[in-house]
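Asker: I have a structure here, written as C-alpha cells, and I will follow up with some questions on it.
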Amino acid sequence: MNSRWANQKMKLIFGNRTNQNGAQLVELALMLPVVLTVIFAIVGYSLLFMVQHTLSSAVSQAARSVAVAGSTADPEAAARQLLLNSLPSAMYPAGFSFSTDQLAGAADCGNALGAGTNPALSCLEFRGVFNISENSFLSNIPFADTFFPEQLSASAVVLYQNTDAL
Numbered sequence: 015m016n017s018r019w020a021n022q023k024m025k026l027i028f029g030n031r032t033n034q035n036g037a038q039l040v041e042l043a044l045m046l047p048v049v050l051t052v053i054f055a056i057v058g059y060s061l062l063f064m065v066q067h068t069l070s071s072a073v074s075q076a077a078r079s080v081a082v083a084g085s086t087a088d089p090e091a092a093a094r095q096l097l098l099n100s101l102p103s104a105m106y107p108a109g110f111s112f113s114t115d116q117l118a119g120a121a122d123c124g125n126a127l128g129a130g131t132n133p134a135l136s137c138l139e140f141r142g143v144f145n146i147s148e149n150s151f152l153s154n155i156p157f158a159d160t161f162f163p164e165q166l167s168a169s170a171v172v173l174y175q176n177t178d179a180l
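What follows is the structure, encoded as C-alpha cells:
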C-alpha cells in the first residue's frame with residue numbers, strides 16, 4: 015500500500031509525464047547542424063547556378079555586340095554591363111575575368127555557316143571565367159571550398175563581318 019500511495023503522490027506532483035524532459039532540446043541540438051548544412055548547400059548552389067546562367071548570358075551578349083557592331087565593338091564592356099545590371103553588388107565584380115581570342119578567319123569557325131574563306135568575315139571567341147575563391151561573398155559560405163567548383167566558365171564564338179577588310 016505504501017508504494018501505491020507513493021505512486022499517487024508522484025502523479026499528483028509531477029502529473030502523468032514520462033521522463034521526456036529535455037528530449038526535444040537534445041533532438042534539436044542533434045538535427046540543427048544537419049538542417050543548416052542542407053539549407054546552406056541549397057542556397058549556395060542556387061547562387062552558383064545563378065552566376066553560371068548570368069555569365070553565359072553576359073558572354074552571349076558580348077558576342078551579339080560584336081556581331082552587330084563588327085570590329086568596333088567592345089565585347090567586354092557589353093558583358094560587364096550585363097553582369098552589373100543582373101548580379102547583386104556583393105557578388106560583382108570580384109572573381110570575373112574575360113578574354114578574347116581573335117581566330118584566324120572564317121574557316122576557324124567551321125564551314126557550317128557557309129562562310130568558306132571569305133576575307134571580310136572574322137571569327138572571335140569570347141570567354142568569361144568566374145573564380146569562386148576570389149569572390150568574398152561565395153567563398154564565405156560554409157564548406158564552399160569543399161563542395162563548390164573552383165571556377166565557372168562560359169564561351170561564345172561569333173562570326174562577324176570585319177569592317178577593316180572592306
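In the working numbering, the protein residues as written are 15 to 180.
Note that beta-carbon positions come from the ideal geometry of N, C-alpha and C, so glycine has one too.
Under 7 Å, do A104 and A76 count as touching if we go by C-beta distance?
Answerer: Here residue 104 refers to the residue found at position 90 when the sequence shown is read from its first residue. Here residue 76 refers to the residue found at position 62 when the sequence shown is read from its first residue. No, these two residues do not count as a Cβ contact at 7 Å.
Asker: Short of 6 Å in beta carbon distance, which residues of its chain neighbour A168, apart from the five on each side in sequence? Order them along the chain.
Answerer: Start at 1 with the first residue of the sequence shown, and residue 168 comes out as number 154. Contacts found: L69, S70, V73, G142.
Asker: Would you kindly work out how many angstroms separate the C-alpha atoms of F144 and A108, rounded to a whole number?
Answerer: The residue you call residue 144 lines up with position 130 of the sequence shown. The residue you call residue 108 lines up with position 94 of the sequence shown. Distance between the alpha carbons of F144 and A108: 9 Å.
Asker: Relative to the alpha-carbon of N66, which residue among Q175, V172, T114, Q165 has its alpha-carbon at the smallest distance?
Answerer: Sequence index remark: in the sequence shown, residue 66 carries index 52 (1-based). Here residue 66 turns out to be Gln, not Asn, going by the sequence shown. For the residues Q175, V172, T114, Q165, the minimum Cα distance to Q66 belongs to Q165.
Asker: Just how far apart, CA to CA, sit L173 and T86?
Answerer: By 1-based counting over the sequence shown, the position of residue 173 is 159. By 1-based counting over the sequence shown, the position of residue 86 is 72. Each residue's Cα considered, the two are about 14 Å apart.
Asker: Just to confirm my understanding: we take L97, look at its own chain, exclude 5 residues before and 5 after, and list those with CB closer than 6 Å. What are they?
Answerer: Translated into positions along the sequence shown, residue 97 becomes position 83. If we look at L97 and ignore the five residues flanking it on each side, its Cβ neighbours are A72, Y106.
Asker: Can you tell me which of the three DSSP states I27 falls into?
Answerer: Taking the sequence shown and counting its residues from 1, one reaches residue 27 at position 13. The answer is helix: DSSP assigns I27 an H, G or I state.
Asker: Could you work out which residue in F157, F140, S147 is closest to R78 when comparing CA atoms only?
Answerer: On the sequence shown, residue 78 is found 64 positions in, with the first residue counted as 1. Closest option to R78, Cα to Cα, is F140.
Asker: I'd like to confirm the pairing. Which residues does DSSP put opposite A20 in its beta bridges?
Answerer: The residue labelled residue 20 in the question sits at position 6 within the sequence shown. Answer is none; A20 lacks a bridge partner.
Asker: Using the three-state DSSP reduction, which class does F157 fall into: helix, strand or coil?
Answerer: For this step, residue 157 is matched to residue 143 along the sequence shown. Correct three-state label for F157: coil.
Asker: Taking the beta strand (DSSP E) that F144 falls in, what are its first and last residues?
Answerer: As a first step, residue 144 is located in the sequence shown; it is residue number 130 there, counting from the start. Its beta strand (DSSP E) spans residues 135 to 145.
Asker: Given this structure, state the Cα-to-Cα distance separating W19 from N35, to the nearest angstrom.
Answerer: Position 5 of the sequence shown, counted from the start, is the residue given in the question as residue 19. Position 21 of the sequence shown, counted from the start, is the residue given in the question as residue 35. Going by the C-alpha atoms only, they are around 24 Å apart.
Asker: State buried or exposed for F110, treating a residue as buried only when at least 16 other CB atoms are found within 10 Å of its CB.
Answerer: Walking along the sequence shown from the start, residue 110 turns up at place 96. Label assigned to F110: buried.
Asker: What is the DSSP secondary structure of F151, counted as helix, strand or coil?
Answerer: Here residue 151 is taken as the residue at index 137 of the sequence shown, counted from 1. Looking at F151 - three-state DSSP - the assignment turns out to be helix.
Asker: If you draw a straight line from the C-alpha of Q116 to the C-alpha of L62, how long is it?
Answerer: Position 102 of the sequence shown, counted from the start, is the residue given in the question as residue 116. Position 48 of the sequence shown, counted from the start, is the residue given in the question as residue 62. For Q116 and L62, the distance between alpha carbons rounds to 29 Å.
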